[in-house]
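With mature numbering (1 follows the signal peptide of the UniProt record, and there is no 0) as the guide, the letters of the sequence shown map in order to residues -22 to -1, 1 to 234. Where a beta carbon is used, it is the ideal one built from N, C-alpha and C, also for glycine. Take a look at the structure below.
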Amino acid sequence: MMNLLKPSLVLLSAATMLPAYANTLDDAKAIQTQTNAASASSQRTIDKSSAAAMELQSEIEQLSEEVKNLSVYRDHLASLVVSQESEISSLQQQIVEINQTRQGIVPLMYQMIDGLQTNLSQDKPIRLTAREDRIEKLKALMPRADVSDAEKYRRILEAYQIEMDYGSKLGIYQDKIQLADNDVVEADILYLGRVALIARNLNATKYWSWDQKQQQWLSVESGNKADLDTAFNLANQQIAPTLLTLPVSLTKAEAK
């Protein structure tokens, strides 16, 4: 009887232990599963952290390169600022010099116009009307704000050049002359530099020569008509260049 009970007790103990063992195994599997899940989660976290670290490293490197470039650009701008400050200083100095030049050039231009006026009053009346008009236009030009000083100066120099040309050219033009008896005559007027100044009425029947000493037009003898007509034809480019015989309009001082 005792022998039969022992196997039964063993079987009963085994049967009793099987559920407990199964529970333990399930717990172990659950723990293993949880461990694996935690490990996988940790790995994913590590992977994400690694990727984030690499991205951060890349951003740091990119920012470092940008900082380097910005440093170069900053130095470039600093050099530009220095250069611009130097240029501004130079321009300011130039402005000062220009203002000083203008302060000197404006009175000079007025003096030059006065010089033209004085020369006209003392000179032979060559193209008198045109010269008077030119001087009046220069006087009217000077106070105009819409015309630069450079342009004003250029026109004054141009007027001086025209005055110089009168002294070296053969020319002809039409104008009115006032005779000694105050008669006013429309005439063709010929000039050879400032050496000769001859007037001829429009129908080519009367001639006058300017006398600089007496400051008036004097009648020319008809015997000189052929020579005078030759001069007028040459001035009008109607004949080839030739020698001219003309009464001169020089003072003793000019003839020396």
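Segment limits, beta strand (DSSP E) that includes Lys154 | 148 to 156
Any idea if Gln190 is buried or exposed, counting beta-carbon neighbours within 10 angstroms, 16 or more meaning buried?
-> buried
Cβ neighbour criterion (16 or more within 10 Å) applied to Leu(-14) = With a pLDDT of 49 at Leu(-14), under the threshold of 50, the predicted position of this residue should be treated as unreliable, though the coordinate-derived value follows. Exposed: under 16 other Cβ atoms inside 10 Å.
Buried versus exposed call for Ala213 [16 or more other C-beta atoms within 10 Å across all chains shown] = Around the Cβ of Ala213, a 10 Å sphere holds 16 or more other Cβ atoms; the residue is buried.
Which value, in whole angstroms, describes the spacing of the CA atoms of Glu65 and Tyr51?
-> 20 Å
Run through DSSP, which three-state label would Val198 get?
-> coil
Could you tell me whether the region 199 to 214 touches the region 148 to 160, where touching means 3 or more Cβ pairs closer than 8 Å?
-> yes
On the three-state DSSP scale, how would you describe Arg178?
-> strand
So, helix, strand or coil for Gln215, using DSSP?
-> coil
What residues match up with Val163 in a beta bridge as DSSP calls it?
-> Ile155
Between the Cα of Ile140 and the Cα atoms of Leu34, Glu110, Ala158, Asp161, which residue gives the shortest distance?
-> From the listed residues Leu34, Glu110, Ala158, Asp161, the smallest Cα separation to Ile140 is found for Glu110.
CB of Asn160 to nearest heavy atom of the ligand MN: below 6 Å?
-> This structure lacks the ligand MN; in fact it carries no ligand of any kind.
Beta-carbon separation (whole angstroms), Pro103 vs Trp186, contact threshold 8 Å | At roughly 12 Å, the Cβ-Cβ gap does not stay under 8 Å, so Pro103 and Trp186 are not in contact.
With 16 other Cβ atoms within 10 Å as the buried cut-off, status of Leu175 = Classification for Leu175: buried.
To the nearest angstrom, how far is it from the Cα of Lys130 to the Cα of Leu98?
-> 20 Å
In terms of residue numbering, what span does the alpha helix (DSSP H) encompassing Asp101 cover?
-> Element bounds for Asp101: n/a, residue is neither H nor E.
Within 10 angstroms of its Cβ, does Glu24 collect 16 or more other Cβ (buried), or is it exposed?
-> The residue you asked about is not Glu; residue 24 is Ile in the sequence shown. By the neighbour-count rule (16 or more Cβ atoms within 10 Å), Ile24 is not buried but exposed.
According to the neighbour-count rule (16 or more other Cβ atoms, all chains shown, within 10 Å of its Cβ), is Pro219 buried or exposed?
-> exposed
Burial state of Met(-22), where buried means 16 or more other Cβ atoms lie within 10 Å = Here the model assigns Met(-22) a pLDDT of 48, short of 50, so the residue's position is not dependable, and the following value carries that caveat. Exposed is the call here.
Hey, could you find the ends of the beta strand (DSSP E) Asp189 is sitting in?
-> Segment 185 to 189, the beta strand (DSSP E) holding Asp189.
Per-residue DSSP class, three states only, for Leu(-14) | With a pLDDT of only 49 at Leu(-14), under 50, the local geometry of the prediction cannot be trusted, and the value read off the model is given with reservation. Residue state, collapsed to three classes: helix.
Indicate whether the contact test is met: 3 or more Cβ pairs, each with one atom in the region 114 to 128 and one in the region 165 to 173, closer than 8 Å.
-> no
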